[in-house]
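Peer 1: Which chain is which? The protein sequence lines are E and L, in order. Numbering follows the numbering used here, in which position 297 of the first sequence is assigned residue number 385; successive positions increment by one, without gaps. Numbering follows the numbering used here, in which position 111 of the second sequence is assigned residue number 112; successive positions increment by one, without gaps. From the three backbone atoms N, C-alpha and C, an ideal C-beta is built for every residue, glycine too. Quick caveat, the model's predicted, so the values are computed rather than measured.
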Amino acid sequence: MERIFGIDLGTTNSLIAYSDNGVPRLIPDRQTKSPLLPSVVSFPVPGEIVVGARAKDLAAHHPLATIASVKRFMGLGMEHVTTEDRARYAFSTGTADGGKDIVRFRVCDREYTPPEISALILKELKRRAETALGEEVRKVVITVPAYFNDSQRQATRDAGRLAGLEVLRLVNEPTAASLAYGLDKRNQGFIAVYDLGGGTFDISILKLHEGIFEVLATNGDTRLGGDDMDHRLAHLLLERVPSNVRGDPELVVQALAAAERAKIRLTDSESAPLELHRGSVQVSVTITRAEFEVLVADIVERTVAPCRQAMKDAGLGPGDLDEVVLVGGSTRVPLVRRRVQELFGRQPHTELNPEEVVALGAAVQAGVLSGGHRDMLLLDVVPLSLGIETVGGVTERLIERNTTIPTTVKQMFTTFVDNQTAVDFHVVQGERELVKDNRSLARFKLRGIEPLPAGMPRIEVTFMIDANGILNVTARDERTGREQSIDVKPSYGLTDEQIEGMLEESIDFAEEDVHARLLIEARNDADGLLRGARKALADARLDESERAAIAAAMARLAAAVAGTDYNQIRDLNDELNRATTPLAQRIMDASIKAALERRHVEEVL
Amino acid sequence: MGAIPASAAGREGAMQAAGERVNCWQCNADHSADFFCPQCGAIQPLPDRTDYFQVLGVPRRLLVDADVLQRRYYELNRQLHPDLYQTGPEMAREASLRNTAAVNRAYRTLRDPTDRALYWLSLHGEKLGSNNNRVPPELATLVFEVQEKLEELRAARGTDGQGAIEEEMAAARTELRQRQATLAAALQENFRRWDAAGADALTLTQELKSILSSLAYLGTLARDVEKELDK
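Here it is in structure tokens:
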């Protein structure tokens, strides 16, 4: 049976795991030995793509060509990009038609959508697992924040597709974590999973019953996390910097990196240095844990209302909970732990590494899907209500939040004027009354309706939210029973055609990427050869003709390096190599002779 | 009156839509619209019109045992959930998705007394009328009082009088809750009479509609009060 892998595609770090005969195992990086792959992608020179720890290092010198925390932009439109975001990244200036558009980063004269960047992270994890296990990775389960809306989920699935993966299931992160905790061992009870990551916050309330993990309610904020704490600390540094350089992206990136280090130090230390050194900018402050807690108090406080709402939706009071589980790197912050304990009135579980537990849970769920663990079953919910726009811009709710998935609801549509052949409807997600306050998911058009008097056609539209929490819409003409064709225009997503295009392009680019890499390699080789040859020219053992040949070869290679024809560079590399060979031979001979003589002496002694 | 006669109530856990026969997609065996083909065992898509009681395999009665309902819900999920068919053929995956969605919707509807009652009305071809937003006469006085107090509270926000009005509101909330509890009990009594032999469907339908309208009205009012008191 083909193995299914579990992937935690996180804001800060990503991990890949698998189920080894029922035991979830993380796959560490070969070099760093860590299972955490920093979710950072850098394009230091056109055509070169670096993912992970090295990309994180490159951020300091290539801030605009290095994308971190791409998860915060998944399934979002340009209109959701904040001033803070713009200080850090370069974005595309928008579409020609001036309509809504998804976020597009501008890097090295190319545009990248968040799913494309995420796909590069997924490819790196895929490669890691393939190297470690010596088998192809095709089928995966990817975790998403429970509070992700439909567009954000679609974007994650698109990323998987772009990485050449078959995404069998999207699993909610807090639910995955509860699987990893093996809480099913206690037969029944209510648990709260508090998941504060780098960029997202989730709270899920679950009921356990003989191996069934039933989510009762979920809530959260998909733009709240440790990144926000880093920004607060970085601000402390940047406000001490002369205002004319404050907006310098390199400086911003370095300040954020310093902030993250200080934040981590403050988990165990009472104080930490916060420093920024770059050219004339020399800032150094010390921050105490108490000061840090004041600085981020409101960020932690923003998690409280979602927790209360989830408890209310689940119909529970704090006294009803049997367990509280902490997930996500940001729950290492002592203030977060204290606040959670206060809120739920009990000591939270912290036995498992909060940064690894989601990936482990994803592997457990992957095991369930591939046919193992049949005693465990997840019943998850849709986090946000789903509705359609009606007259006056009012939302008509079709599916309430916290409805167990999969779920379907049917709605009848008809025409308003005689001989109308198409009907439009607009699907939104959110809890507000007015459509404009909710998140637009997509516009649908029912086409090819039989021309009949107004109100006569009856088109039954089925809205199905599948086990991934993703909406599927189908329609049927009630009179003829025929399937009705529908056009879908996602508000903040990629259409199938766009994804196909990207896949094709990535094949083109893969070729272009290879060319770019070969050029870089050839130039590097040339650099080394030219350096060696320059030294050789001064060597007294060369005769005049040899010296002239080397000088000529050097001149030709230097000229070729300025161009982009890597084949020519490689040929001239060989030529220069040949020109210096006689000298190299002589030097080698001499050293061997010397070595032999020495040995001879040693042997004699 | 509706499609389902009251005498049908009490039929134990029949899975099939009345009399419907279908063929298995896998082995073509003819069966009575079961979840699984009796011949080859393949999961079968439930016919569209199967009612919620049939989906969960519980008696078609208005009084339901919450524990039984939950047990059936879990049992069916353990047999039908899409996680269990991930590696199976597409038809099986489709059937699993569709059946699980039906089970989820049935459970969500039947476990809540109000939703269950509304569904019962729809099974009988009835629904709450469009005159639903008219204040039920027996609630008129209470509704009028509460709305007046809500106005007073909004006006008194930030003034010295706020505390006193809030206390009055809290008292009104208690009264609202009592009324809701009384109506909930009346609902259960109505359910009991539906389930009894020789139920008078016409009278019971009128009574049920009246209780449901009152509950809906009180529910909206109670939410407004909560919202104002939470401010």
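With a cut-off of 8 Å, does the C-beta of Val456 of chain E fall near any C-beta of chain L?
Peer 2: The residue given as residue 456 of chain E occupies position 368 in the first sequence. It does: the Cβ of Val456 of chain E has a partner Cβ on chain L nearer than 8 Å.
Peer 1: What does Met552 of chain E touch in chain L if you count any residue whose Cβ is under 9 Å from its own?
Peer 2: As a position in the first sequence, residue 552 of chain E is number 464, starting the count at 1. Residues of chain L passing the Cβ test: Leu98, Arg99, Ala102.
Peer 1: Quick check on Ile95 of chain E - is its C-beta less than 8 Å from some C-beta in chain L?
Peer 2: As a working note, residue 95 of chain E is residue 7 in the first sequence. Output row for Ile95 of chain E: interface = no.
Peer 1: Go ahead and pull the three-state DSSP assignment for Thr509 of chain E.
Peer 2: The residue given as residue 509 of chain E occupies position 421 in the first sequence. Thr509 of chain E falls in the coil class under three-state DSSP.
Peer 1: Distance check for Gly403 of chain E and Leu591 of chain E, CA to CA, integer angstroms please.
Peer 2: Position 503 of the first sequence, counted from the first residue, corresponds to residue 591 of chain E. Position 315 of the first sequence, counted from the first residue, corresponds to residue 403 of chain E. Approximately 46 Å between the Cα atoms of the pair.
Peer 1: Which residues does DSSP list as the beta-bridge partners of Asp309 of chain E?
Peer 2: The residue you call residue 309 of chain E lines up with position 221 of the first sequence. According to DSSP, which records beta bridges pairwise, Asp309 of chain E is partnered with E:Phe289.
Peer 1: Candidates E:Glu519, E:Val413, E:Ala628: which alpha carbon is nearest Glu443 of chain E's?
Peer 2: Position 355 of the first sequence, counting from 1, holds the residue named residue 443 of chain E. For Glu443 of chain E, the nearest C-alpha among the options comes from E:Val413.
Peer 1: Taking 8 Å as the threshold (beta carbon to beta carbon), is Ala265 of chain E in contact with chain L?
Peer 2: Locating residue 265 of chain E in the first sequence gives position 177, where the first residue counts as 1. False, the Cβ-Cβ gap to chain L never drops below 8 Å.
Peer 1: Cβ atoms of Thr244 of chain E and Leu146 of chain E: under 8 Å apart, would you say?
Peer 2: On the first sequence, residue 146 of chain E is found 58 positions in, with the first residue counted as 1. On the first sequence, residue 244 of chain E is found 156 positions in, with the first residue counted as 1. Not a contact, by the Cβ cut-off of 8 Å.
Peer 1: Taking only beta-carbon atoms, is Thr88 of chain L less than 8 Å away from chain E?
Peer 2: For this step, residue 88 of chain L is matched to residue 87 along the second sequence. Interface residue, yes.
Peer 1: Tell me whether Lys533 of chain E is buried or exposed, calling it buried when 16 or more other Cβ atoms sit within 10 Å of its Cβ.
Peer 2: On the first sequence, residue 533 of chain E is found 445 positions in, with the first residue counted as 1. It counts as exposed.
Peer 1: Leu553 of chain E to Ala172 of chain L, Cα distance in whole Å?
Peer 2: Locating residue 553 of chain E in the first sequence gives position 465, counting from the first residue. Locating residue 172 of chain L in the second sequence gives position 171, counting from the first residue. Before going further, note that residue 553 of chain E is Ile rather than Leu in the sequence given. Per the coordinates, the alpha-carbon of Ile553 of chain E lies some 42 Å from the alpha-carbon of Ala172 of chain L.
Peer 1: Using the rule of at least 16 other Cβ atoms within 10 Å of the residue's Cβ for burial, across every protein chain shown, is Cys41 of chain L buried or exposed?
Peer 2: Sequence index remark: in the second sequence, residue 41 of chain L carries index 40 (1-based). By the 10 Å Cβ count, Cys41 of chain L comes out exposed.
Peer 1: On the premise that Ile587 of chain E lies in contact with Gln249 of chain E, defined as a C-beta separation below 8 Å, what is that separation, rounded to the nearest angstrom?
Peer 2: For the purposes of this step, residue 249 of chain E is taken as the residue at position 161 of the first sequence. For the purposes of this step, residue 587 of chain E is taken as the residue at position 499 of the first sequence. Gln is not the amino acid found at residue 249 of chain E; the sequence shown has Arg there. So it is a contact: roughly 6 Å between Cβ atoms.
Peer 1: Is there at least one Cβ from chain E nearer than 8 Å to His82 of chain L's Cβ?
Peer 2: Counted from its first residue, the second sequence places residue 82 of chain L at position 81. Answer yes: the Cβ-Cβ gap between His82 of chain L and chain E drops below 8 Å somewhere.
Peer 1: Helix, strand or coil for His319 of chain E per DSSP?
Peer 2: Against the first sequence, residue 319 of chain E aligns to sequence position 231. The answer is helix: DSSP assigns His319 of chain E an H, G or I state.
Peer 1: I need the boundaries of the beta strand (DSSP E) containing Glu208 of chain L, first residue and last residue.
Peer 2: Against the second sequence, residue 208 of chain L aligns to sequence position 207. That residue, Glu208 of chain L, is in no beta strand (DSSP E); its alpha helix (DSSP H) goes 202-231.
Peer 1: Could you confirm whether any beta carbon from chain L is found closer than 8 Å to the beta carbon of Gly98 of chain E?
Peer 2: Working through the first sequence from its first residue, we reach residue 98 of chain E at position 10. It does not; no Cβ of chain L falls within 8 Å.
Peer 1: In angstroms, rounded to a whole number, what distance separates the CA positions of Met166 of chain E and Glu204 of chain E?
Peer 2: Counting from 1 along the first sequence, the entry for residue 166 of chain E is found at position 78. Counting from 1 along the first sequence, the entry for residue 204 of chain E is found at position 116. Going by the C-alpha atoms only, they are around 16 Å apart.
Peer 1: Just to confirm, does Glu443 of chain E get its C-beta within under 7 Å of one of the non-hydrogen atoms of the ligand GDP?
Peer 2: In terms of ligand content, the structure shown is empty, and the ligand GDP therefore cannot be addressed.
Peer 1: Which residues in the same chain as Arg241 of chain E place their Cβ atom closer than 7 Å to its Cβ, once the five residues preceding and following it in sequence are excluded?
Peer 2: Mapped onto the first sequence, residue 241 of chain E falls at position 153. Taken in chain order, the residues that qualify are Val232, Leu258, Asn556, Gly557, Ile558.
Peer 1: According to the Cβ coordinates, are Ala105 of chain E and Ala447 of chain E closer than 8 Å?
Peer 2: Counted from its first residue, the first sequence places residue 105 of chain E at position 17. Counted from its first residue, the first sequence places residue 447 of chain E at position 359. Yes, the Cβ-Cβ distance between Ala105 of chain E and Ala447 of chain E is below 8 Å.
Peer 1: With 16 other CB atoms within 10 Å as the buried threshold, where does His365 of chain E fall?
Peer 2: Along the first sequence, read from residue 1 onward, the residue named residue 365 of chain E stands at position 277. Exposed, because fewer than 16 other Cβ atoms sit within 10 Å of the Cβ of His365 of chain E.
Peer 1: Taking its Cβ as the centre, do 16 or more other Cβ atoms sit within 10 Å of Lys214 of chain E, making it buried, or is it exposed?
Peer 2: Counting from one through the first sequence, the residue named residue 214 of chain E turns up at place 126. The residue in question, Lys214 of chain E, is buried, as its Cβ has 16 or more Cβ neighbours within 10 Å.
Peer 1: So if DSSP puts Ser372 of chain E in a beta bridge, which residue, or which two residues, is it bridged to?
Peer 2: Within the first sequence, residue 372 of chain E is the residue found at index 284, counting from 1. E:Glu363, per the DSSP bridge assignment.
Peer 1: Going by other Cβ atoms of all chains shown within 10 Å of its Cβ, with 16 needed for buried, is Met711 of chain E buried or exposed?
Peer 2: Residue 711 of chain E is absent from the model: chain E starts at 89 and stops at 693.
Peer 1: What does His297 of chain E touch in chain L if you count any residue whose Cβ is under 8 Å from its own?
Peer 2: Counted from its first residue, the first sequence places residue 297 of chain E at position 209. By Cβ distance, chain L contributes Tyr75.
Peer 1: Identify the contact partners of Ile300 of chain E in chain L, using a Cβ-Cβ distance below 9 Å as the criterion.
Peer 2: Residue numbering aside, residue 300 of chain E sits at position 212 when the first sequence is read from its first letter. The answer, in chain order, is Tyr75, Asn78, Arg79.
Peer 1: Distance, Cα to Cα, Leu222 of chain L vs Gly162 of chain L?
Peer 2: Counted from its first residue, the second sequence places residue 222 of chain L at position 221. Counted from its first residue, the second sequence places residue 162 of chain L at position 161. Each residue's alpha carbon lies about 22 Å from the other.
Peer 1: Out of L:Leu216, L:Glu153, L:Phe192, state which residue places its alpha-carbon closest to the alpha-carbon of Asp66 of chain L.
Peer 2: Counted from its first residue, the second sequence places residue 66 of chain L at position 65. Of the listed residues, the one whose Cα sits closest to Asp66 of chain L is L:Phe192.
Peer 1: Check whether the Cβ of Thr310 of chain E lies closer than 8 Å to any Cβ atom in chain L.
Peer 2: Sequence index remark: in the first sequence, residue 310 of chain E carries index 222 (1-based). So, not an interface residue.
Peer 1: Taking the Cβ atom as the reference point for each residue, do Ala268 of chain E and Pro112 of chain E lie within a distance shorter than 8 Å?
Peer 2: Position 180 of the first sequence holds residue 268 of chain E. Position 24 of the first sequence holds residue 112 of chain E. Going by C-beta atoms, Ala268 of chain E is nearer than 8 Å to Pro112 of chain E.
Peer 1: For Asp316 of chain E, which option in E:Glu389, E:Leu125, E:Gly94 has the closest C-alpha, if you only look at C-alpha atoms?
Peer 2: Within the first sequence, numbered from 1, the residue matching residue 316 of chain E stands at position 228. Looking from the CA of Asp316 of chain E, the closest CA among E:Glu389, E:Leu125, E:Gly94 belongs to E:Glu389.
Peer 1: Applying the 10 Å Cβ sphere with the 16-neighbour rule, what's the burial state of Asp463 of chain E?
Peer 2: Position 375 of the first sequence holds residue 463 of chain E. Residue burial annotation: Asp463 of chain E is exposed, with fewer than 16 other C-beta atoms found within 10 angstroms of its C-beta.
Peer 1: Any C-beta of chain L sitting closer than 8 Å to the C-beta of Ala171 of chain E?
Peer 2: Within the first sequence, residue 171 of chain E is the residue found at index 83, counting from 1. A small fix is needed here, since residue 171 of chain E is Thr in this sequence, not Ala. For Thr171 of chain E, the answer is no, since every Cβ of chain L falls outside 8 Å of its Cβ.
Peer 1: Examine chain E for any beta-carbon lying closer than 8 Å to the beta-carbon of Asn105 of chain L, and answer yes or no.
Peer 2: If you number the second sequence from 1, residue 105 of chain L lands on position 104. Yes, its Cβ sits closer than 8 Å to a Cβ of chain E.
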